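Please read the structure below before turning to the comments.
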Amino acid sequence: VGCWGVYGIFLHTGQTAMQDPVNGRYKAFLFVGIAYFLTAVLAPLLLLMVKGAAFSGYTSQGMWWSLFAGIVGAAGAFGVLLAFGAKGTPAVVMSIVFAGAPVVNAIYALVQHPPAGGWGSIKPQFYLGIALAALGGCLVTLYKPAPGPQKSTTPAVLEQPAPAAAPDSGAGA
Numbered sequence: 324v325g326c327w328g329v330y331g332i333f334l335h336t337g338q339t340a341m342q343d344p345v346n347g348r349y350k351a352f353l354f355v356g357i358a359y360f361l362t363a364v365l366a367p368l369l370l371l372m373v374k375g376a377a378f379s380g381y382t383s384q385g386m387w388w389s390l391f392a393g394i395v396g397a398a399g400a401f402g403v404l405l406a407f408g409a410k411g412t413p414a415v416v417m418s419i420v421f422a423g424a425p426v427v428n429a430i431y432a433l434v435q436h437p438p439a440g441g442w443g444s445i446k447p448q449f450y451l452g453i454a455l456a457a458l459g460g461c462l463v464t465l466y467k468p469a470p471g472p473q474k475s476t477t478p479a480v481l482e483q484p485a486p487a488a489a490p491d492s493g494a495g496a
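This is how it looks when you write it as structure tokens:
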């Protein structure tokens, strides 16, 4: 939860630190992909190799569903970047994402895996939770805080004072 809680802030910071208003989000996403490769490819491969299970026991159904899950997750991360590019701030974008994601998850999971006792067995509080999450996303969208002042991406130029005239020493003619 902590990682997801700071993900959008770190991603937005990386995007703006690229100092490229046109392509900064794509450059940031490239490094997200590199991080995913290191974390989601090399780390599990190493663990599977240590356990002797790196190259056996895969099923086509398991591989395709897992690949699709990765594509959906990456598409979601890319959508976050596009929202930042549309002047969304981490506080607003990520609040909408994390209010909306449980709603989508709950509805899709119930459709795919209906409860044992049918839809009628679901307690009203569950539906209320879904409605409140949706309401929270709506409220964040409607009442988002005004953006702060735009930070300059160009370095400030400091004026150098003119050199002072040499004092008259009084020695003279």
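Quick note, the working numbering runs 323 ahead of the 1-based positions in the sequence shown.
The beta carbon of each residue, even a glycine, is placed where N, CA and C say it ideally should be.
Note that the coordinates shown come from a computational prediction; the quantities given were computed from them, not determined experimentally.
When Cβ pairs closer than 8 Å are counted between the two stretches, the segment 331–340 is seen not to touch the segment 379–389, the count staying below three. Ala422 and Val463 do touch by the CB rule: their CB atoms are close to 7 Å apart, below 8 Å. The beta carbons of Leu334 and Ala358 sit no closer together than 8 Å. Secondary structure at Thr412: coil, using DSSP grouped into helix, strand and coil. Our two residues, Leu353 and Asn346, have alpha carbons roughly 11 Å apart in a direct line. Around the beta carbon of Phe407, 16 or more other beta carbons lie within 10 angstroms, which makes this residue buried.
Annotated as distal: Val426 and Ala392, with beta-carbon spacing of 8 Å or more.
Where Trp327 is concerned, the enclosing alpha helix (DSSP H) starts and stops at Gly325 to Ala340. Distance check between Val395 and each of Phe449, Ala424 and Lys410 places Ala424 closest, using alpha-carbon atoms only.
Here DSSP, grouped into helix, strand and coil, assigns Phe449 to helix. Residue environment for Ile430: exposed (fewer than 16 other C-beta atoms within 10 angstroms of its C-beta).
Annotation note: the segment 371–448 contains the following uninterrupted alpha helix (DSSP H) runs of length 4 or greater, listed N- to C-terminal: 383–408 and 413–435. Distances from the CA of Pro468 to each of Val416, Leu455, Pro438 and Trp442 were compared; the closest alpha carbon is that of Val416. Each residue's CA atom was taken as its position, placing Leu390 and Phe360 some 13 Å apart. Under the 10 Å beta carbon count, Ile419 is surrounded by 16 or more other beta carbons and is classified as buried.
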